[in-house]
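Residues in the sequence shown are numbered consecutively from 1442, following this note's numbering.
To start, the structure under review is shown below, and the notes come after it.
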Amino acid sequence: MRRVLGRPVDEQTRCVHYRTPLDVIAIKFWCCRAYYPCHLCHEETAGHPAAQWPVEEQDTEAVLCGVCGHELSVREYLAADGCPRCAARFNPGCALHADLYFEPAPRD
């Protein structure tokens, strides 16, 4: 499994801020290319401001399933409700703050 920085509390990437049974992903931040469980962990420990993944780079693997260690591209993650490898469900509430991590796609 990839190294996850910040304040994880278990081996499935849950952290002190988000630790429900569905909080099982870590995100590789575009600014530092390091995995953190959440934006608050990055804010508290990275030492620099977060930057969103640009739309043109959303085919890059940047989301880690904390259950099986599979890496998803940003695009795959945004279209999924769970891990395509192990079927672990992801927290649907994360969509409410996806703009903290990923540039929104332009609307037609």
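Every residue, glycine too, gets a C-beta built ideally from N, C-alpha and C.
Since the model is a prediction, treat every value here as computed from it, not as a measurement.
Check: A1467 in three-state terms, based on DSSP; Outcome: strand
Check: CA-to-CA distance, E1544 to H1480, given in whole angstroms; Outcome: 14 Å
Check: C1527 classed as buried or exposed, judged by whether at least 16 other C-beta atoms fall within 10 angstroms; Outcome: exposed
Check: Exposure label - H1483; buried when at least 16 CB within 10 Å; Outcome: buried
Check: Own chain residues within Cβ distance below 8 Å of W1494, not counting five before or after; Outcome: W1471, T1501, A1503, V1515, Y1542, F1543, E1544
Check: Residues that DSSP places opposite C1479 in a beta bridge; Outcome: In the DSSP output, where bridge partners are listed per residue, C1479 has none listed.
Check: Residue of Q1453, L1446, G1447, P1449 minimising C-alpha distance to H1511; Outcome: Q1453
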